[in-house]
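Each residue of the sequence shown is one higher than the one before, counting from 2 in the working numbering.
We put the CB at the ideal spot given by N, CA and C, even for glycine.
Computed from a predicted model, the values in this text were never measured in an experiment.
To start, the structure itself, in structure tokens.
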Amino acid sequence: MHRTVSGLNRRLIALLCAVAILAALSGGIACEQETSGDKLTVVTTIFPLADFVKNVAGDKVEVVTLLRSGDSPHTYEPSSRDMKAVARAKLLVINGAGLDFWAEKLKSAASDNLAVVDTSLVLEQEGLLLSGGEHEYDDESDDHSGVNPHFWLDPVLAQKQVESIASALVAVDPGNQDSYLDNADSYIGELKSLDEEIKNATQSFSSREFITFHASWTYFAKRYDLVEAAVIQEAPGKEPSVAYIKEVVDLAEALQVKAIFAEPQFNTQAAEAIADDSGAEVLLLDPLGGPSLEGRDSYIILMRYNVAQMEKAMG
Ligand SMILES: [Zn+2]
């Protein structure tokens, strides 16, 4: 009897210990979260910006990307999860020029000392922004209206975004200044090589015109002497009319394009209809990429993917 009770006691003690260990473990996890909370949190909107931050900051910061694979910044609605991410962030990195205007809404959740870097500002100051793209705005008084915000897809302008990010990181975390600046320098070196690589690849394209889903490739086209001959959606989310599709089909036939480019974040139906009618195929160009997309899981790898897609149609 005594033995049985003692056996039961042992089991009880074992069980209590297990609970205690679990509690200690979860306490430990909570502690770890607090320490990773000590690590500076940087929130970014689109994946390419997150990749820029990672290349500059290495493991010194925790990077949170608000958009997940498949999301388009043009149709994105911030969630309460995003509010929470911004609430614990020290730095918010936005592309700017209207692409991620909705990030403004998140600032209400932010602490007073949240630093915000808008990577379009330097480009605007230097007169490097192009018009077009007809991106939509919440606020009609937004003076970015009419500016095309897809400059990250030009690896030369992306270097300026990386510089803005490096300066912002130094401002919020001056203790790691040397590391941020060194990393930024070497990453900018990689982007310069990428630019050379794309220049070489695109120089030999046999056709220079292409038809794309929306005006995401305007800066890229300008950089590499290509022509974004038509866009299927004149404004993101605006479905093309039958008459407009007919116009694009005529153009595709006149230019003898081999492919119509669609984007993974949008419905490909319109591109398929145009491709069918003009005897072209549908290929994807991806302006955003994502950490879980094999072959598109860093900015540089993503750009190589896109150039390879163009090469299939224009090479
Ligand atoms: Zn866009």
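- The beta carbon of residue 70 sits no closer than 7 Å to any heavy atom of ligand 1.
- The beta carbon of residue 237 sits closer than 7 Å to at least one heavy atom of ligand 1.
- In chain order, 315 and 316 place their CB closer than 6 Å to the CB of residue 206, counting only its own chain and leaving out the 5 sequence neighbours on each side.
- Taking C-beta separations shorter than 6 Å and ignoring five residues to either side along the sequence, the partners of residue 300 in its chain run 49 and 52, following chain order.
- With a threshold of 7 Å, the Cβ atom of residue 217 counts as near ligand 1, since some heavy atom of the ligand is closer than that.
- Spanning the alpha carbons of residue 261 and residue 124 requires a straight line of approximately 30 Å.
- Between residue 58 and residue 44, the CB-CB gap reaches or exceeds 8 Å.
- Our two residues, residue 115 and residue 102, have alpha carbons roughly 17 Å apart in a direct line.
- Where residue 171 is concerned, the enclosing alpha helix (DSSP H) starts and stops at 156 to 173.
- DSSP places residue 264 outside both helix and strand once states are collapsed to three, so it counts as coil.
- Taking one beta carbon from each stretch, the segment 205 to 221 and the segment 181 to 197 have fewer than 3 pairs nearer than 8 Å; the two do not touch.
- Residue pairing by DSSP places residue 149 opposite 131 in a beta bridge.
- Straight-line measurement puts the Cα of residue 216 at about 23 Å from the Cα of residue 94.
- Runs of the beta strand (DSSP E) lying entirely within the segment 33 to 81, each at least 3 residues long, are 41 to 45 and 62 to 66 in chain order.
- Per DSSP, residue 233 is not a residue of any beta strand (DSSP E), being assigned neither H nor E.
- Secondary structure at residue 211: strand, using DSSP grouped into helix, strand and coil.
- With a cutoff of 8 Å on beta-carbon distance, residue 157 and residue 113 are scored as not near each other.
- Shown here, residue 118 sits in a strand according to DSSP, grouped into three states.
- Cβ neighbours of residue 104 within its own chain (closer than 6 Å, five residues either side excluded): 46 and 95.
- No Cβ-Cβ contact shorter than 8 Å links residue 129 with residue 97.
- The C-alpha of residue 181 is placed about 44 Å away from the C-alpha of residue 259.
- Assignment of residue 92 by DSSP, reduced to helix, strand and coil, places it in the strand class.
- Counting other Cβ atoms within 10 Å of its Cβ, residue 222 reaches 16 or more and is therefore classed as buried.
- Where residue 284 is concerned, the enclosing beta strand (DSSP E) starts and stops at 282 to 285.
- DSSP, reduced to helix, strand and coil, places residue 240 outside both helices and strands of the structure shown, so it counts as coil.
- Comparing alpha-carbon positions, the option among 271, 88, 55 and 172 lying closest to residue 283 turns out to be 271.
- Cα atoms of residue 152 and residue 277: separation of roughly 31 Å, rounded to the nearest angstrom.
- The alpha carbon of residue 170 has as its nearest neighbour, out of 190, 88 and 119, the alpha carbon of 119.
- With respect to residue 225, residue 193 sits apart: the two C-beta atoms are not nearer than 8 Å.
- For the set 64, 311 and 274, the Cα lying nearest the Cα of residue 202 is the one of 311.
- Counting C-beta atoms within 10 angstroms of its own C-beta, residue 290 has 16 or more neighbours from the protein chains shown and is therefore classed as buried.
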